[in-house]
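J.: Below you will find the structure I want to go over with you.
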Amino acid sequence: MKSFLLGLLLGVVILPVVTLLYFVIGHPSVAVADAPLPLEAQIVQIPMEARVNREAPKAAPIEASASNLEIGAHVYREQCATCHGLYGRPSPFGGEMYPQAPQLWEPHRNGTVGVSDDPPGETYWKVAHGIRLTGMPAYGKVLNDTQIWQVSLLLANANKPQAPGVLQLLKQPLILEPEGQPVEGTKTPVPATAPTK
Ligand code: HEC
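Okay, here's the thing in structure tokens:
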């Protein structure tokens, strides 16, 4: 009886208090540069794989035709390249995220480029639903279903030679600079560039 009460006290009172104290006065990982929390990767990875296995469509409803891949490349440039990089041009901050945004045009394991080893249905699921607590957005309401398939098919074929049109879209740097100065007399709500001294 005595050890039961002791166990109860330990479990119900002391453990939650210690945990709370750790969060308040300890230094749990919150910054991007901090070390991962214990089991953090596993806690996300295992249920994620289970969901993808259950819900990802087994076959794509559209073909990986030249025009679908080219539209996929347009979608990729506009929506994905800032984090996931372009062909031979990694994202300047993709590696500074936690978790890092994988560079989807970088070759890694033998013959794999980005997620070319994943079935397109898996990529479709991740793009449509996003990946919680990682910075990977859910595009289900941003892109239409066909666009999500087009970009997913493009990424599934990232290890293959690309058509010149696709390659051009993937190689051209993103234009992040403002397009020149406003014409004299026009009002801009926010200055396009910081004023120079
Ligand atoms: C704001 C940054 C950001 C944008 C924009 C973004 N992603 Fe991501 N994405 C991430 C991060 C971070 C991860 C890593 C998640 C993880 O480790 O689980 C990720 C993961 C992924 C994965 C899974 C990679 C793997 O190894 O399983 C795919 C596929 C993906 N993104 C595709 C896309 C596509 C396609 C787009 C555009 C439609 C896009 N992402 C836009 C940040 C972004």
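Numbering (our numbering), first residue to last: 92 to 288.
From the three backbone atoms N, C-alpha and C, an ideal C-beta is built for every residue, glycine too.
Note that the structure is a prediction, hence the values are computed from the model and not measured.
Return yes when the Cβ of Glu213 is within less than 8 Å of the Cβ of Gly205, no when it is not.
T.: Along the sequence shown, read from residue 1 onward, the residue named residue 205 stands at position 114. Along the sequence shown, read from residue 1 onward, the residue named residue 213 stands at position 122. Contact: no.
J.: Less than 8 Å between the C-beta atoms of Ala151 and Trp240, yes or no?
T.: Walking along the sequence shown from the start, residue 151 turns up at place 60. Walking along the sequence shown from the start, residue 240 turns up at place 149. Cβ distance < 8 Å, so Ala151 and Trp240 count as in contact.
J.: Do Ser207 and Asn292 count as a contact pair if the criterion is CB distance below 8 Å?
T.: Nothing about residue 292 can be reported from this structure: the residues present for the chain run from 92 to 288 only.
J.: In or out: Ala172 buried (at least 16 other Cβ within 10 Å) or exposed?
T.: By one-based count along the sequence shown, residue 172 stands at place 81. Ala172 should be labelled buried.
J.: Any heavy atom of the ligand HEC closer than 7 Å to the CB of Tyr178?
T.: Here residue 178 refers to the residue found at position 87 when the sequence shown is read from its first residue. Tyr178: no, Cβ never under 7 Å from the ligand HEC.
J.: Could you tell me whether any non-hydrogen atom of the ligand HEC is closer than 7 Å to the CB of Leu246?
T.: Residue 246 sits at position 155 when you count from the first residue of the sequence shown. Result yes, Cβ under 7 Å from the ligand HEC.
J.: Look up Leu177 in the DSSP assignment and say whether it is helix, strand or coil.
T.: Sequence index remark: in the sequence shown, residue 177 carries index 86 (1-based). In the structure shown, Leu177 sits in a strand (DSSP, three-state: E or B).
J.: DSSP on Pro255, reduced to helix/strand/coil?
T.: To locate residue 255, count along the sequence shown from 1; it is residue 164. It is helical.
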